[in-house]
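Trainee: Have a look at this one before I ask anything.
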Amino acid sequence: MSHWSTAYIGLPFAHGGRTRDGLDCWGLVRLVYADQLGIELDPLDGYATRLERLRIAGMLSEQAAQGPWRRLAGEKIKPFDVVSFTIAGAASHVGVVVDWRDMLHVTEGETSGLAPHSEGQWARRLIAAYRHVDR
1331 MSHWSTAYIG
1341 LPFAHGGRTR
1351 DGLDCWGLVR
1361 LVYADQLGIE
1371 LDPLDGYATR
1381 LERLRIAGML
1391 SEQAAQGPWR
1401 RLAGEKIKPF
1411 DVVSFTIAGA
1421 ASHVGVVVDW
1431 RDMLHVTEGE
1441 TSGLAPHSEG
1451 QWARRLIAAY
1461 RHVDR
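Numbering (the working numbering), first residue to last: 1331 to 1465.
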(Lines of atoms letter the chains of each structure in order from A and count residues from 1; the text may use other names and numbers.)
(Lines give C-alpha, C1' and ligand atoms only; values in the text may rest on other atoms or scores of the structure.)
Protein backbone atom coordinates (compact mmCIF):
# COMPACT_ATOMS: atom_id res chain seq x y z
CA MET A 1 0.00 0.00 0.00
CA SER A 2 1.42 3.38 -0.96
CA HIS A 3 1.63 6.44 1.26
CA TRP A 4 -1.26 8.92 0.96
CA SER A 5 1.11 11.63 -0.28
CA THR A 6 1.99 9.79 -3.51
CA ALA A 7 -1.43 10.68 -4.96
CA TYR A 8 -0.48 14.37 -4.80
CA ILE A 9 3.03 14.28 -6.26
CA GLY A 10 3.48 15.72 -9.75
CA LEU A 11 0.41 17.96 -9.85
CA PRO A 12 0.95 21.13 -11.92
CA PHE A 13 1.12 24.62 -10.45
CA ALA A 14 -1.53 27.20 -11.41
CA HIS A 15 -2.12 30.58 -9.76
CA GLY A 16 -5.41 30.34 -7.86
CA GLY A 17 -5.80 26.70 -8.93
CA ARG A 18 -8.01 24.49 -6.80
CA THR A 19 -8.07 21.20 -8.76
CA ARG A 20 -5.71 18.42 -9.79
CA ASP A 21 -5.48 20.10 -13.21
CA GLY A 22 -3.54 22.94 -11.58
CA LEU A 23 -3.23 24.36 -8.10
CA ASP A 24 -1.26 26.72 -5.92
CA CYS A 25 0.10 25.94 -2.47
CA TRP A 26 -3.23 26.63 -0.73
CA GLY A 27 -5.11 24.67 -3.39
CA LEU A 28 -2.90 21.67 -2.59
CA VAL A 29 -3.60 22.01 1.15
CA ARG A 30 -7.35 22.22 0.41
CA LEU A 31 -7.25 19.17 -1.85
CA VAL A 32 -5.38 17.05 0.70
CA TYR A 33 -7.69 18.11 3.53
CA ALA A 34 -10.84 17.37 1.51
CA ASP A 35 -9.63 14.02 0.16
CA GLN A 36 -7.79 12.66 3.18
CA LEU A 37 -9.59 14.23 6.15
CA GLY A 38 -13.02 15.16 4.79
CA ILE A 39 -12.46 18.77 5.88
CA GLU A 40 -13.48 21.58 3.52
CA LEU A 41 -11.24 24.63 3.89
CA ASP A 42 -11.87 28.23 2.83
CA PRO A 43 -11.06 28.39 -0.89
CA LEU A 44 -9.49 31.87 -0.71
CA ASP A 45 -10.48 32.29 -4.34
CA GLY A 46 -9.87 35.36 -6.37
CA TYR A 47 -6.31 36.38 -5.69
CA ALA A 48 -4.62 37.70 -8.79
CA THR A 49 -1.16 38.70 -7.68
CA ARG A 50 1.65 37.35 -5.57
CA LEU A 51 1.00 40.04 -3.00
CA GLU A 52 -2.50 38.73 -2.49
CA ARG A 53 -1.04 35.30 -1.63
CA LEU A 54 -0.16 36.91 1.68
CA ARG A 55 -3.83 36.40 2.55
CA ILE A 56 -3.18 32.67 2.88
CA ALA A 57 -0.49 32.93 5.53
CA GLY A 58 -2.34 35.82 7.19
CA MET A 59 -5.54 33.79 7.31
CA LEU A 60 -3.78 30.97 9.14
CA SER A 61 -2.33 33.40 11.65
CA GLU A 62 -5.65 35.19 12.24
CA GLN A 63 -7.68 31.99 12.51
CA ALA A 64 -5.16 30.50 14.93
CA ALA A 65 -6.48 32.98 17.48
CA GLN A 66 -10.13 32.03 16.95
CA GLY A 67 -10.21 28.71 15.07
CA PRO A 68 -10.29 26.50 13.09
CA TRP A 69 -6.47 26.61 13.16
CA ARG A 70 -4.31 26.33 16.26
CA ARG A 71 -0.72 27.54 16.12
CA LEU A 72 1.64 24.91 17.49
CA ALA A 73 3.96 26.08 20.23
CA GLY A 74 6.55 23.61 21.46
CA GLU A 75 4.63 20.62 20.10
CA LYS A 76 5.95 18.12 17.60
CA ILE A 77 4.41 18.50 14.20
CA LYS A 78 2.32 15.64 12.89
CA PRO A 79 1.09 14.55 9.48
CA PHE A 80 -1.52 16.94 8.04
CA ASP A 81 -0.32 19.92 10.07
CA VAL A 82 0.14 22.98 7.85
CA VAL A 83 3.45 24.82 7.83
CA SER A 84 3.87 28.40 6.64
CA PHE A 85 6.99 29.96 5.16
CA THR A 86 8.43 33.22 3.94
CA ILE A 87 9.29 33.75 0.30
CA ALA A 88 11.11 36.95 -0.66
CA GLY A 89 10.75 38.15 2.93
CA ALA A 90 6.97 37.78 3.14
CA ALA A 91 4.78 35.05 4.63
CA SER A 92 3.35 33.64 1.42
CA HIS A 93 3.77 29.85 1.20
CA VAL A 94 2.21 26.82 2.88
CA GLY A 95 2.71 23.07 2.78
CA VAL A 96 1.18 19.96 4.35
CA VAL A 97 3.33 17.94 6.75
CA VAL A 98 3.84 14.36 5.57
CA ASP A 99 6.11 13.18 8.38
CA TRP A 100 8.74 14.40 10.86
CA ARG A 101 10.96 15.50 7.97
CA ASP A 102 8.96 16.14 4.79
CA MET A 103 6.12 18.29 3.58
CA LEU A 104 4.03 18.20 0.43
CA HIS A 105 3.95 21.52 -1.40
CA VAL A 106 3.91 23.19 -4.80
CA THR A 107 5.63 26.34 -6.03
CA GLU A 108 5.37 28.38 -9.20
CA GLY A 109 7.18 26.76 -12.11
CA GLU A 110 7.29 23.33 -10.45
CA THR A 111 4.96 20.40 -9.92
CA SER A 112 3.93 19.35 -6.44
CA GLY A 113 6.36 17.23 -4.50
CA LEU A 114 8.02 16.44 -1.22
CA ALA A 115 10.65 18.64 0.42
CA PRO A 116 12.21 18.65 3.88
CA HIS A 117 10.56 21.21 6.15
CA SER A 118 12.97 20.57 9.02
CA GLU A 119 16.27 21.23 7.25
CA GLY A 120 17.75 23.21 4.39
CA GLN A 121 16.11 26.17 2.69
CA TRP A 122 12.60 25.59 4.01
CA ALA A 123 13.70 25.21 7.64
CA ARG A 124 15.32 28.65 7.41
CA ARG A 125 12.07 30.11 6.07
CA LEU A 126 9.68 28.38 8.47
CA ILE A 127 7.35 30.78 10.28
CA ALA A 128 4.93 28.51 12.10
CA ALA A 129 3.03 25.24 12.09
CA TYR A 130 -0.73 24.97 12.51
CA ARG A 131 -3.14 22.17 13.34
CA HIS A 132 -6.77 22.18 12.28
CA VAL A 133 -9.05 21.78 15.30
CA ASP A 134 -11.23 19.17 13.55
CA ARG A 135 -8.49 16.59 13.16
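Where is the CB? At the ideal position from N, CA and C, for every residue including glycine. Fair warning: this is a prediction, and the values are worked out from it, not measured in the lab.
Can you check which of these residues, Ile1407, Val1424, Val1436, is closest to Trp1430 by C-alpha distance?
Mentor: One-based indexing of the sequence shown puts residue 1430 at position 100. Taking only the C-alpha atoms, the option nearest Trp1430 is Ile1407.
Trainee: When you compare each of Gly1357, Gln1451, His1447 to Asp1372 by their alpha carbons, which one comes out closest?
Mentor: Here residue 1372 refers to the residue found at position 42 of the sequence shown. Per the Cα distances, Gly1357.
Trainee: Below 7 Å between beta carbons: does that hold for Val1428 and Ser1332?
Mentor: Translated into positions along the sequence shown, residue 1428 becomes position 98. Translated into positions along the sequence shown, residue 1332 becomes position 2. In this structure, Ser1332 does not lie closer than 7 Å to Val1428 by Cβ.
Trainee: Count the C-beta pairs between the region 1342-1350 and the region 1438-1455 that are closer than 8 Å, then say yes if the count reaches three, no if not.
Mentor: yes
Trainee: Relative to the C-alpha of Asp1432, which residue among Pro1409, Ala1421, His1423 is closest?
Mentor: Counting from one through the sequence shown, the residue named residue 1432 turns up at place 102. Considering only alpha carbons, the answer is Pro1409.
Trainee: Could you tell me the alpha carbon to alpha carbon distance between Trp1452 and Arg1461, rounded to whole angstroms?
Mentor: Taking the sequence shown and counting its residues from 1, the one referred to as residue 1452 is at position 122. Taking the sequence shown and counting its residues from 1, the one referred to as residue 1461 is at position 131. Rounded to the nearest angstrom, the two C-alpha atoms are 19 Å apart.
Trainee: What is the residue span of the alpha helix (DSSP H) that Leu1361 lies within?
Mentor: Position 31 of the sequence shown, counting from 1, holds the residue named residue 1361. For Leu1361, the enclosing alpha helix (DSSP H) stretches over residues 1355-1362.
Trainee: With a threshold of 16 other CB atoms inside 10 Å of the CB of Gly1404, please say whether the residue is buried or exposed.
Mentor: By one-based count along the sequence shown, residue 1404 stands at place 74. Classification for Gly1404: exposed.
Trainee: Cutting at 8 Å between CB atoms, please list the residues of its own chain near Trp1416, excluding the five before and the five after it.
Mentor: Working through the sequence shown from its first residue, we reach residue 1416 at position 86. For the record, residue 1416 in the displayed sequence is Thr; it is not Trp. Same-chain partners within the cutoff: Ser1422, His1423, Arg1455, Ile1457.
Trainee: Buried or exposed: where does Val1359 fall if 16 or more other Cβ atoms within 10 Å of its Cβ makes it buried?
Mentor: What you label residue 1359 is simply residue 29 of the sequence shown in a count that begins at 1. Result: buried.
Trainee: With Gly1443 and Ile1339 assumed to form a contact (beta carbons below 8 Å), what rounded beta-carbon distance in angstroms separates them?
Mentor: Taking the first residue of the sequence shown as position 1, residue 1443 is located at position 113. Taking the first residue of the sequence shown as position 1, residue 1339 is located at position 9. Their Cβ separation, rounded to whole angstroms, is 5 Å, which keeps Gly1443 and Ile1339 in contact under 8 Å.
Trainee: Can you tell which of Thr1349, His1447, Leu1374 has the C-alpha that lies nearest to the C-alpha of Asp1365?
Mentor: Here residue 1365 refers to the residue found at position 35 of the sequence shown. Looking only at Thr1349, His1447, Leu1374, the smallest Cα-Cα distance to Asp1365 is reached by Thr1349.
Trainee: Whole angstroms is fine: what's the gap from Ser1448's alpha carbon to Ala1459's?
Mentor: Counting from one through the sequence shown, the residue named residue 1448 turns up at place 118. Counting from one through the sequence shown, the residue named residue 1459 turns up at place 129. Straight-line Cα distance between these residues: approximately 11 Å.
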